[in-house]
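Going by numbering that gives the first Met the number 0, the first residue of the sequence shown is number 0, and it counts up by one from there.
Just so you know, even glycine gets a beta-carbon here, dropped at the ideal spot from N, CA and C.
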Amino acid sequence: MIKEKFGSRIKELRMQANLSQEKFALMIDMDRTYLASVENGRRNISLENIYKIANGFHITLEELFKDMK
Numbered sequence: 000m001i002k003e004k005f006g007s008r009i010k011e012l013r014m015q016a017n018l019s020q021e022k023f024a025l026m027i028d029m030d031r032t033y034l035a036s037v038e039n040g041r042r043n044i045s046l047e048n049i050y051k052i053a054n055g056f057h058i059t060l061e062e063l064f065k066d067m068k
């Protein structure tokens, strides 16, 4: 369930930033298909990639996980 919640949060932030999966993945040096699988809750993502995502949105890790109860 946490993977799905995290994926939804990533997708929400990406959509708010008006970025396609492809453009965001390029920005953070991540494969688009990997990012898609994260957003769909199918990946157990590493801390390094979580950090890349937070940096890509220019937010802290705390902000990335905000409201994920």
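Would you give the residue range spanned by the alpha helix (DSSP H) that residue i belongs to?
{"i": "S7", "result": "1-15"}
{"i": "R31", "result": "31-38"}
Keeping to the same chain, check which residues put their C-beta closer than 7 Å to that of residue i; ignore five residues upstream and five downstream.
{"i": "N48", "result": "M29"}
{"i": "G40", "result": "K2, E3, G6"}
Shortest alpha-carbon distance to residue i belongs to which of the options?
{"i": "N17", "options": "K2, F56, L34, M67", "result": "F56"}
{"i": "I52", "options": "M0, I9, K2", "result": "I9"}
{"i": "K2", "options": "L34, E38, K65, Y33", "result": "E38"}
Near residue i, which residues of its chain fall below 6 Å by C-beta distance, leaving aside the five closest residues on each side in sequence?
{"i": "S19", "result": "none"}
{"i": "L12", "result": "F56"}
{"i": "L60", "result": "A53"}
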